[in-house]
Every structure is written in structure tokens, then in C-alpha cells.
Amino acid sequence: MFPFRIPIRDWISDAVDYLVSEYAAVFDAFSALVYFLVDNLKDGMLALHPLALIIVIAAITLKMAGWRVALFAALGLLLSENIGLWQAFVETLALVLTAELLVMVVGLPLGVLAARKDGFHSVVRPVLDLMQTMPAFVYLIPAVMFFGLGLVPGVVATFVFALPPLIRLTNLGIRQVPKELVEAADAFGATGSQKLFKVQIPVAMPTIMAGVNQSIMLGLSMVVIAAMIGAGGLGEDVLRGIQRLQVGQGFEAGLVVVIMAIILDRITAGFGEKTSTS
Amino acid sequence: MSEIITVRNLFKIFGDNPKKALQALKEGKSKDEILREHKQIVGVRDINFSVQEGEIFVLMGLSGSGKSTLQRLINRLHEPTSGEIVINGTDVVKLNQNDLREFRRKNFCGMVFQNFAILPHRNVLGNVEFGLELQGVEKEERQEKARKIIKLVGLEGNEDNYPSQLSGGMQQRVGLARGLAVDADILLMDEAFSALDPLIRRQMQDELLELQARMKKTILFVTHDLDEAFRLGDRIAIMKDGLIVQVGTAEEIISRPADEYVRTFVEDMDRSAVLTARTIMLPVKERAFTGDGPRTILRKIRRYGLSGILVTDSKRHLKGYILAKELADYIDRNKQVEDLKMDQSLVRDAAYVDRDMPLNEVINVYQEADYGPIAVVDSDQRLEGVIVRGAIIAALSEGYEIQPNDQPDPQKEE
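Going down the list, the sequences are from chains X and G. Position 268 of the first sequence, counted from 1, bears residue number 268 in our numbering, the numbering being contiguous throughout. So our numbering is basically just the index in the second sequence, starting at one, shifted up by 1000.
1) Does residue 1413 of chain G pass the burial test, meaning 16 or more other C-beta atoms within 10 Å, or should it be called exposed?
2) Whose CA, out of G:1121, G:1268 and G:1187, lies closest to the CA of residue 204 of chain X?
3) Excluding five sequence neighbours on each side, which residues of the same chain lie with their C-beta closer than 7 Å to the C-beta of residue 1128 of chain G?
4) Which same chain residues end up closer than 6 Å to residue 64 of chain X when comparing Cβ atoms and leaving out the 5 residues on each side of it in sequence?
5) Using beta carbons (cut-off 7 Å, strictly below), is residue 153 of chain X in contact with chain G?
6) Report the residues of the segment 1109-1127 of chain G with a CB closer than 7 Å to any CB of chain X, ordered along the chain.
7) Quick one: which residues of the segment 1140-1167 of chain G get their C-beta closer than 8 Å to a C-beta of chain X? List them in chain order.
8) How many angstroms separate the CA atom of residue 1116 of chain G from the CA atom of residue 1108 of chain G?
9) Give me the subset of the segment 1061-1093 of chain G whose CB atoms are less than 7 Å from a CB atom of chain X, sorted by chain position.
10) Using a 10 Å radius around the Cβ and a threshold of 16 neighbouring Cβ atoms, would you call residue 1281 of chain G buried or exposed?
11) Is it buried or exposed, residue 1017 of chain G, if we count other Cβ atoms within 10 angstroms and call 16 or more buried?
12) Quick one: is residue 278 of chain X near chain G, going by C-beta distance under 7 Å?
13) Report yes or no: is there a C-beta of chain X within less than 7 Å of the C-beta of residue 1313 of chain G?
14) Any heavy atom of the ligand ATP closer than 6 Å to the beta-carbon of residue 74 of chain X?
15) Measuring only the C-alpha atoms, how far is residue 1054 of chain G from residue 1289 of chain G?
16) I want to verify the contact list: residues of chain X whose CB lies under 7 Å from the CB of residue 1131 of chain G, in sequence order.
17) Please name the residue, chosen from G:1057, G:1044, G:1031 and G:1039, that lies closest to residue 1004 of chain G on a Cα-to-Cα basis.
18) Identify whether residue 5 of chain X lies in helix, strand or coil by the three-state DSSP scheme.
19) Express the C-alpha separation of residue 118 of chain X and residue 1036 of chain G in angstroms, rounding to a whole number.
20) Quick one: grab the DSSP three-state call for residue 1163 of chain G.
21) Contact between the segment 1369-1384 of chain G and the segment 1345-1356 of chain G: three or more CB pairs below 8 Å?
22) Check distances from the C-beta atoms of the segment 1188-1205 of chain G to those of chain X and list, in chain order, the residues that come in under 9 Å.
23) Rounded to whole angstroms, what is the Cα-Cα separation between residue 1133 of chain G and residue 191 of chain X?
24) Helix, strand or coil, according to DSSP, for residue 952 of chain G in the structure here?
25) So residue 1193 of chain G is in the beta strand (DSSP E); what residue range does that whole segment cover?
26) When Cβ atoms are compared, which residues of the segment 38-56 of chain X fall closer than 8 Å to chain G?
27) Hey, out of G:1310, G:1227 and G:1293, whose CA is closest to residue 1286 of chain G's CA?
28) Is there at least one Cβ from chain G nearer than 7 Å to residue 200 of chain X's Cβ?
29) Would residue 1022 of chain G pass as a contact of residue 1013 of chain G if the rule is Cβ separation under 7 Å?
30) So, with DSSP's three-state summary, where would you put residue 1151 of chain G?
31) Within its chain, find whatever has a CB closer than 8 Å to the CB of residue 149 of chain X; leave out the 5 residues flanking it on each side and keep chain order.
32) Given this structure, state the Cα-to-Cα distance separating residue 1153 of chain G from residue 1198 of chain G, to the nearest angstrom.
33) Counting C-beta neighbours from all protein chains within 10 Å, is the total for residue 1038 of chain G 16 or more, i.e. buried, or is it exposed?
34) I'd like to know whether the C-beta atoms of residue 199 of chain X and residue 172 of chain X end up nearer to each other than 7 Å.
35) In its own chain, which residues sit with a C-beta less than 6 Å from the C-beta of residue 1200 of chain G, not counting the 5 before and 5 after it?
36) Assuming residue 1244 of chain G contacts residue 1047 of chain G under a Cβ cut-off of 8 Å, what Cβ separation, rounded to an integer in Å, is found between them?
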């Protein structure tokens, strides 16, 4: 139909090549940062006796979600230890938490900005749609080109996938702050930042926490895909189980992912509820 | 008392091209025409009024009349399209954002909202100190002040409770306390009691009046409820379609509505609760002085064909009432006495009411009185006028209007 073809593939490839060759230092620095965060987190958690860490996690769960969930967390974690997946559990937890930390550092300010500037909001929306619907394998390849195989592209892929819900829900939460509350802040002579930090963010906190919760859940769903490029952790065990047709081994690793998901979900959901009722 | 807020030629048009619509409006186009032809919404137009220091000034109107818009123009939560708003000598419209913020902190701060607009993540103390916190007042000082105000509005003991633990009435007390804590000259109240159920609303109105008697703030109160407007307002501005149609005291509005709209509006009002003795009293045609002799008094009575006469001293203080028949009998019995002195036992107690007493209470006094008219006195017991039975009935019938020249001037002295 057309005498020519729009060379999207060339543009993207050229752009990636250009970035890889020109900004290697930036990517290396970012790599180092991610390694630093993940390694410290992982080593810190592994330095503890498994039982000590289990007690800490159960205690946090108890505070945020009640004794039933805390009991479930303790039993689930003991089971993970029992079936020999403790090391993998900690690795995955460190990866997910690091990705979530980056998501919050980037996502919260962008969400606030989107809520305040309609122009920015209309630009950022299609980008978020793209991030959430573009098949993960498509950006896995450039991620590997930028950062090499291993942990970092795994964190980046998780980050890309987990970022949109936080931006969306932060934006939504701040836009949903009742108009009268904002008017009250204005009427009492609040500055822009007083209004943001004393009224808008605290009032939007339950919704923002729902965003954090959603992005952690999405991050966990990336565990197996991240393992394909060498991020390690539970994903690797799942993968190995699949490759060797050892259904049982794959199931065990999958079960531990589910246990982690439930614990993290209940903790963040509990935190969200606490901010809304108190 | 002096003017604290003066509003002149204030217009507000919502839309993307207010200037053009303003021009059309000034050329005499109606609100609907502007909406049709220019796609701009007229919020308020040609508003002129002033508020006296220490009064409760009520903006009253149905929804869409522009009352809340007008209130939000005054502290510039809405930007005026044109006009002047002078508060304590400063034209608020001309302030830049920084000065406006400073001005809000100093002069308004107090604003109380219909849906309370208190912060759900802060406890009562945290909400009440909010305004002071924004001003940068030290923590200890602002908490001490907040505790004082919390006590004042009757929330003592609830300092650590969160809004979700409080009833609607208590939440609005928090809103009120927050407004009062900043010690602003002016308190803006936007439908502050409208979300409360009737009994609580009534109670809050009473408490506001009590607080006001002590604090003497200037309060600009917006409501759609006529009863509330008349209960609270020292003066009331009635709004319709973005215009103020009448400003006056409750009595002025109910007895002399400016147009048909106001008339139908106030029709359902319980007139006996709003009209006071002063509105319906008649001037005293003749009275007796304490030093008058009996024959002089009788002459005064006969001149107007009265059945009796009120007695005052030379300073107009009410002393009693003399019945014509008893006085005539007394003179008859003492025909031969040349220099007949007045028998003080003839001076009976006179039924009297305060000039600000509402008619529904005047009626009770009237029912208990056995003789004579009802005397109307001021707070010093000085006679100002009389009420006759016919006047009460006339005032309560709906068509009745009191002409300005019918009203005796109560300030007139001897």
C-alpha cells in the first residue's frame, strides 16, 4: 500500500545503540547503585538467623494485619526454610524491595506532579499505558544491552512494570482530596508546599498506599521473567523446575512466591487502612 | 461600629473569556443571554454592600443564587472579575499571591465549611491548631491556644479523638474551633450548620450566638435557610441570580420586602418570631406625669376619648396606668375639695414589654393583662410606645406591611 516503510525499528535500535555507547558511565553508575542496594539488603537479611528474620517479619505483620496473618506468615516462612528455599526467598525479597524503593522515589513525585499539572498528566498517561501493556520481553532485551545479564536488568524490568500503578494512584488520590479541604488550606493561608505535605498527601495516603500495594504485587509477578536474564532468586527455581519438567520443584518455588505475595500484600494493605481510619 | 468590609461593583464571571461577557453584562444583557451567546456563567454581578465590625452578616439565597461564590470572592478563593473588596482599608483584589497569603493569615483565616473540611488524619487538637501551625506559631504556644478554644466550643476531653470518632455536630465544633483559634478579625461561615440535623443545628446556632456575644467577631455567614438567616443575622442580604435584592434586618425584610421575590420568600416565615414589639407599636398620644393633678389627668384622658392613661415621670420612666372610670369616681367623691391631690392608689401596674420582644411573647403578655394597652419600654424602662390589640392581629396577617412613616422613632427624646 505504501511505497515506503516507517523505520520505527531502525530508530529504536539506533537510539539504544547510541545510548549504550555514549552513556555507558551512567548505566554503570546506576548498576553499581542497584547492586549496592540489593546486596546490602540481601546480606543484611542473610546475616540474621532465619528464625530471627521470621520473627521480625511476623512481628511487622502482626502490627499491620493482625495475628491471623502473622501466624500465616510465620508458618509460611518456616515452610520456605524447611523446603530449602530460604536463600532464594531472601534474594527475591531484596530484589522486589529494591525495585519498590526505586518505584517510590520516582513514582511519588511524578504522581504528585501529574495531579497538579493537567498538561503533564495528559503526557504521562499514554506512557504509563505503554509501560504496562508492552510485553515485558520487549524491554528485557534493551535492559540487558544497557546493564548486561544479571540482577540489575531484573530490577529495571520490575521497576518499569511496577511504576505505573503508583503514579496513577498517587495522581488519583491527590485529585480526590475533597475540594473543601484544599479550600480550607488556602483560606488559612497555606503555602503550596504546606498544602501538599500537610493536607493533600496525608489525605491521599490510603490511595497512595493502595498504589504501593499494587506495584509490589506487579513487581512480584515479574520474578520469573527477571530470572530469565539471570536475576536469581525464587524465579530461578521456578524456571529450573519448568526446564527440567520437575513439576514438584517448580510448584514449591511458586508456592513460596505466593507466600511472599500474601505477606507483603497484607502488610501494605494494613498500612493503608491504618492511615485512613486514624 | 465601623465598616470592616466594603464591596463595590463586584462581578464574577466563570469562563474562558470573562472580559467580553462582563462588557455584555454591563450593556444590560441578562444572565441567560450571556450563557447562551458567550458561553460564560455569571456568578455574581454588581454587588455593593458593607459589613460592620462585630456584626453577623448573613448572605441568604437559594442554591445558584451566588451566595457561596460571593463569600469565596471576599477571601479570593475565587478571583473576582472586576470590582473592589476593601477590608480594613486594603483592597484585597489588588494583592499579589504572597501578600494575599499574608493577608489571609492575618485577617480571615477563620473559615468554616458546610462539610466541615477537617483533616481526617489529624486528631481534634491537630485540626484546631492547623491555622496557627501554618502561621509558624511555636508548638507549645499553639497547642495551649488550641486547648483553650477546644474548651470554649465544648469539646474538652476530645483532644485526642479523630474526626471519624465524632458526630456531625462535634465535627463542626472542630471546624468552628479551627476558625476561631487563629484569632482572625473576620470569620467566614459557609453553610456551616446546613449538614447537621435540625435539633443539633438549632443548638449550634444558639452556641454561636453565645460565643458571638463574648467574642464580638465579624461573621459573614452564608445560608439557604431563611429561619437560620433571621435567627443569626444582625443584617441579612437576600440574593437571587447573582444579585443582592435586599439588605436589611430581619424585621425590615419581613415587614417591607423589596420585591415580589423577597415577599414570596418570607411568606412562610413565622412572622410572630421575627417581628418585635417595636415594629407594631404606636406613638403615645397622651400620657400623665407623676406630678399631674387628678383633674388635669382626666382632661388628658377625655381629650382623646381614652379608657385610661399611662403614667411616667419627667424622664419618661413608666410608672403605671390609671383607669378613666376610677379616676372620674375619685373626683366625683371629692367634688368640694379645691386643691385635690392625686391618690396614688389609683395608679395601677401597667402591662409592659421590652421593645425587642418578639410578637409571639407579646401575645402572652397581652392575654394576661386585665386592662389597658401594652406599654413598650426600652432597656431603661422608658416609655416608647403602646401596642393595641388590633395591631398584633394586623401584623400577623400576611398581607400586612408597615410603612416607614408609621413607625415611631424610638430614639426620639423629650
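Beta carbons: idealized from backbone N, C-alpha and C, even for Gly.
With the given structure in hand:
1) Its pLDDT being 36, under 50, residue 1413 of chain G is placed unreliably by the model, and the measurement read from it follows with that caveat. Per the 10 Å Cβ criterion, exposed.
2) When G:1121, G:1268 and G:1187 are compared, the shortest CA-CA separation from residue 204 of chain X is found for G:1121.
3) Only residues of its own chain outside the window of five on either side were considered, and among them 1146, 1149, 1150, 1174, 1177, 1178 and 1181 have a CB closer than 7 Å to the CB of residue 1128 of chain G, listed in chain order.
4) 267, 270 and 271
5) no
6) 1109, 1111, 1113, 1115, 1117, 1119, 1120 and 1121
7) 1162 and 1164
8) 17 Å
9) 1075 and 1077
10) buried
11) exposed
12) The pLDDT assigned to residue 278 of chain X is 47, lower than 50, so where the model puts this residue is not dependable, and the model offers no usable value.
13) no
14) For the ligand ATP, the structure offers nothing, since it holds no ligand at all.
15) 40 Å
16) What residue 1131 of chain G touches in chain X: 188.
17) G:1057
18) coil
19) 28 Å
20) helix
21) The segment 1369-1384 of chain G, when compared against the segment 1345-1356 of chain G, does touch it at the 8 Å Cβ threshold.
22) 1188 and 1190
23) 12 Å
24) Beyond the ends of chain G as shown, which are 1001 and 1414, falls residue 952 of chain G; an answer cannot be given.
25) Note, residue 1193 of chain G: premise wrong, no beta strand (DSSP E); not H, not E.
26) none
27) G:1310
28) no
29) yes
30) Residue 1151 of chain G falls in the helix class under three-state DSSP.
31) 229 and 230
32) Note on geometry: alpha-carbon atoms of residue 1153 of chain G and residue 1198 of chain G lie some 19 Å from one another.
33) buried
34) no
35) 1169
36) 6 Å
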